[in-house]
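Colleague: If you read the sequences in order, they're chains A and B. Positions in the first sequence are counted from 1; adding 1076 to them yields the working numbering. Positions in the second sequence are counted from 1; adding 1076 to them yields the working numbering. Don't be surprised by glycine CBs; every beta carbon is placed ideally from N, CA and C. Since this is a predicted model, take the numbers as computed values, not measurements. Here it is, the structure, as structure tokens.
2 protein chains.
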Amino acid sequence: MSALLAFDVGRTVCRAALVSDGARVRTGDVPCTGGVADRDGVARVLAAMSAVTAGWPAPAAAAAGVAGLAAVPQAAGPLARGLRERLGSGTRVLLASDMVTWHAGALGGVPGVVLAAGTGAVALGIGATGHSARVDGWGHLLGDDGSGHAIGRAGLAAALRAHDGRPDGSVALLARLRERHGEPEALPGRVYDAADPAREVAAFARDVLAVAAIGDPVAGRIADRAATDLAESASAAMDRVGDAERGGPRTVACAGGLLDAGPVLTDRLDAALAARSLTRTHPLGDALDGARLLLEDPTVPHHALLAPATGVLR
Amino acid sequence: MSALLAFDVGRTVCRAALVSDGARVRTGDVPCTGGVADRDGVARVLAAMSAVTAGWPAPAAAAAGVAGLAAVPQAAGPLARGLRERLGSGTRVLLASDMVTWHAGALGGVPGVVLAAGTGAVALGIGATGHSARVDGWGHLLGDDGSGHAIGRAGLAAALRAHDGRPDGSVALLARLRERHGEPEALPGRVYDAADPAREVAAFARDVLAVAAIGDPVAGRIADRAATDLAESASAAMDRVGDAERGGPRTVACAGGLLDAGPVLTDRLDAALAARSLTRTHPLGDALDGARLLLEDPTVPHHALLAPATGVLR
């Protein structure tokens, strides 16, 4: 089999792998400056893709998962044309949202549900016929329930409640807040003036989970709530793609930095998933594996979710 | 009595009143561009104060409640000097946070608790000896529990839960979301790209309360939670200034746009306050009345909370 080129184009990093006979023979990554939905986004993404693969041999085909492509599907045509200009006009090019390539990689191309839990939180179900259901992922002001941001926000709020003398506060979380940020009065300035306030809030999630691990009841309830929220999102995605009724696998491939916090969250998540007849699994592979799979296997349901104006052989 | 000049310097509007023999003989307002804590903030605030009082007769004394002054107390000296340069070097000048002048106006100078509930939410207690307790007011990412933002956020999240097929959603709120913003998929773009995302979220509070008023249980629980949160903040402020133990009045002067939504919220708030032996009252006056009171009555406890380097006769 000729070499295949797989891309994972995130908002901050563009990764690529050249795959030959099933093995990655070259990999690389470059920083990105903004996503495809931004001004000059297509040109920026193409520049990053060129930079990371500079000097690599021409592939027979390329597939890319691109963050933000679902919001600007009209970018797919110019992006595919730009890639073919670079790689050769006969190159097959497939483009999809990065969630689709990540799903394909995590589950090895089979239908099912993936759950990503980091600063944000989103579940994606893809059914046997390629119908899909995205659950949550609404961002920190509208949702991302169970995410690092949700946990960090609830933890800071509970610390400030203790400081204020209100109910449902946690003196243990207040002590953590002081260790991390100094006096509470200084916190609003630190958060609201930060380059990325949502990330600043999410950074406190590790403290909340650490305090939950040593038995603080308020932090424990925040962790319980997060596990329930994540399981509810996964369960809704499973119900909407209908694999439950068809007797398909009730497994959920879970990934994201939040799950690295250890059993304080994952034990709760496993219990919340089990209560919904779901089982957590580790992802089989990453988004680069998923992009490769789209090129290698024409039977995976993810082909129904490719961006319009791409995904055709020529 | 000679004329007194009262200012209420907010982040967007600077208001002023000239008071003679207890009556406002002139009033005016001008837009502000940024607060005292911003770059060139002192110069901007002084320019706004000059603009709104241009052509007014010189007062014997002036007092100003200035938004943000608590965060940058070092601005008080330059601000007081600048005002005296404009008004005459013998003019008495008092400066305080706008919360202090608002408290003095709302309660007519007596100790007690005021509660402001608009886009944000904050309670301020001032005790008989001038000790104070500010509760919540941490902003939309860290607190403002019970605020318009908190209600709007919970309402949008419940609408999106219904859209996602998750538990605890509200189809009535989802219908309201569609009326207001179109399809849910368009909402993140509208909110996150807005000039003021927090205000955009808070604007949905009126819809949540309207849906609660017609019996939607999810919206009703959001309103219940908000009323409880606001009452808890008021109660914590009351406890911290100690008037409960001293047998002082257990009244809370409540103001803010959120309370204009009608009995759907105020009935709940009254019940939540009553459960804490507190009674809601309407403010007696506004921040301009409070600023005037600081000049007229040297016995009010608010004098202990004037900004340093101001508040001295000369």
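For R1242 (chain A), which residues in chain B fall below 9 Å Cβ to Cβ?
Modeller: The contacting residues are V1211, D1212, D1221, D1305, E1308, S1309, S1311, A1312.
Colleague: Check the Cβ of L1200 (chain B) against every Cβ in chain A and list those closer than 7 Å, keeping chain order.
Modeller: In chain order: nothing, as chain A lies at least about 12 Å away.
Colleague: If we count the other Cβ atoms within 10 Å of its Cβ and call it buried at 16 or more, is P1135 (chain B) buried or exposed?
Modeller: Under this definition P1135 (chain B) is a buried residue.
Colleague: Can you name the residues that DSSP bridges to S1173 (chain B)?
Modeller: In DSSP, S1173 (chain B) forms a bridge with B:V1142.
Colleague: Just the C-alpha distance for W1214 (chain B) and A1092 (chain A), rounded to the nearest angstrom, thanks.
Modeller: Each residue's Cα considered, the two are about 43 Å apart.
Colleague: With 7 Å as the C-beta to C-beta threshold (strictly closer), list the residues of the region 1277–1292 of chain B near chain A in chain order.
Modeller: So the list reads V1277, given in the order they occur along the chain.
Colleague: Short check: CB of A1182 (chain B) to CB of G1141 (chain B), under 8 Å?
Modeller: Their beta carbons are not under 8 Å apart, which means A1182 (chain B) does not touch G1141 (chain B) by this criterion.
Colleague: Name the chain B residues whose beta carbon is nearer than 8 Å to that of R1229 (chain A)?
Modeller: The answer, in chain order, is L1217, L1218.
Colleague: So the alpha helix (DSSP H) D1084 (chain B) belongs to, where does it begin and stop?
Modeller: D1084 (chain B) -> not in any alpha helix (DSSP H); beta strand (DSSP E) instead, spanning 1080–1085.
Colleague: Considering only residues of the same chain and omitting the five flanking positions on each side of G1203 (chain B), which have a CB-CB separation below 7 Å?
Modeller: P1187, V1317, G1318, D1319, P1377, listed in sequence order.
Colleague: Taking the beta strand (DSSP E) that V1101 (chain B) falls in, what are its first and last residues?
Modeller: Element bounds for V1101 (chain B): 1099–1107.
Colleague: Nearest CA to the CA of G1222 (chain A): which residue from A:V1198, A:L1170, A:D1305?
Modeller: With distances taken between Cα atoms, G1222 (chain A) lies closest to A:D1305.
Colleague: Quick check on this structure: which residue in A:R1115, A:A1151, A:L1159 has the alpha carbon closest to the alpha carbon of A1130 (chain A)?
Modeller: If we check each option's Cα against that of A1130 (chain A), A:L1159 comes out closest.
Colleague: Residues of the region 1324–1352 of chain A with a CB closer than 9 Å to any CB of chain B: list them in chain order, please.
Modeller: Listed by position along the chain: nothing, the set is empty.
Colleague: Measuring alpha carbon to alpha carbon, tell me which of A:D1105, A:L1080, A:S1078 ends up nearest T1088 (chain A).
Modeller: Nearest of A:D1105, A:L1080, A:S1078 to T1088 (chain A), Cα basis: A:D1105.
Colleague: Quick one: residues in its chain with C-beta nearer than 6 Å to the C-beta of A1348 (chain A), no 5 flanking neighbours on either side, listed in chain order?
Modeller: The residues are A1303, T1304, A1307.
Colleague: If we count the other Cβ atoms within 10 Å of its Cβ and call it buried at 16 or more, is P1374 (chain A) buried or exposed?
Modeller: Answer is exposed; the Cβ neighbour count stays below 16.
Colleague: Answer with buried or exposed for R1266 (chain B), where buried requires no fewer than 16 other C-beta atoms within 10 angstroms of its C-beta.
Modeller: So R1266 (chain B) counts as exposed.
Colleague: Can you name the residues of chain A whose CB is closer than 7 Å to the CB of L1249 (chain B)?
Modeller: Result: empty, since nearest Cβ-Cβ is about 12 Å, beyond 7 Å.
Colleague: How many angstroms separate the CA atom of M1175 (chain B) from the CA atom of V1328 (chain B)?
Modeller: Distance between the alpha carbons of M1175 (chain B) and V1328 (chain B): 14 Å.
Colleague: At 3 residues or longer, and completely inside the region 1195–1264 of chain A: list those beta strand (DSSP E) runs for me, N to C.
Modeller: List check, beta strand (DSSP E) in window: 1197–1202, 1208–1212.
Colleague: Closest Cβ-Cβ distance between D1300 (chain A) and chain B: below 8 Å?
Modeller: D1300 (chain A) does not count as touching chain B.
Colleague: Cα separation between G1338 (chain B) and A1281 (chain B)?
Modeller: Between G1338 (chain B) and A1281 (chain B), the C-alpha separation is close to 12 Å.
Colleague: At least one CB of chain A closer than 8 Å to the CB of A1234 (chain B): is that the case?
Modeller: Closer than 8 Å: no.
Colleague: Which residues in the same chain have their Cβ closer than 6 Å to the Cβ of A1209 (chain B), if we skip the five residues on either side of it in sequence?
Modeller: Contacts found: G1201, A1313, R1316, V1317.
Colleague: Tell me which residues share the same chain as V1121 (chain A) and place their Cβ nearer than 6 Å to its Cβ, disregarding the 5 neighbours each side in the sequence.
Modeller: Same-chain partners within the cutoff: V1085, V1112.
Colleague: Taking G1158 (chain B) as part of the alpha helix (DSSP H), name the residues at either end of that continuous run.
Modeller: It spans 1152–1163 - the alpha helix (DSSP H) in which G1158 (chain B) sits, taken as one unbroken run.
Colleague: Report, in whole angstroms, the separation of the C-beta atoms of V1284 (chain A) and A1295 (chain A), which I expect to be a contact under 8 Å.
Modeller: Yes, V1284 (chain A) and A1295 (chain A) are in contact; Cβ-Cβ is about 5 Å, under 8 Å.
Colleague: So, for A1279 (chain B): in the same chain, excluding its five sequence neighbours on each side, which residues have a beta-carbon less than 7 Å away from its beta-carbon?
Modeller: Taken in chain order, the residues that qualify are G1228.
Colleague: Assuming G1044 (chain A) and T1195 (chain A) make a contact with CB atoms under 8 Å, what is their CB distance in whole Å?
Modeller: Given a span of 1077 to 1390 for chain A in the structure shown, any question on residue 1044 (chain A) remains unanswerable.
Colleague: May I ask you to list the residues that DSSP assigns as paired with L1094 (chain A)?
Modeller: BP columns for L1094 (chain A) point to A:L1081, A:R1102.
Colleague: Kindly say whether R1316 (chain A), judged by its beta-carbon, lies nearer than 8 Å to any beta-carbon of chain B.
Modeller: Yes, contact with chain B.
Colleague: Would you please verify whether the beta carbon of V1186 (chain B) is less than 8 Å from any beta carbon of chain A?
Modeller: So, not an interface residue.
Colleague: Measuring only the C-alpha atoms, how far is E1261 (chain B) from D1240 (chain B)?
Modeller: Distance between the alpha carbons of E1261 (chain B) and D1240 (chain B): 11 Å.
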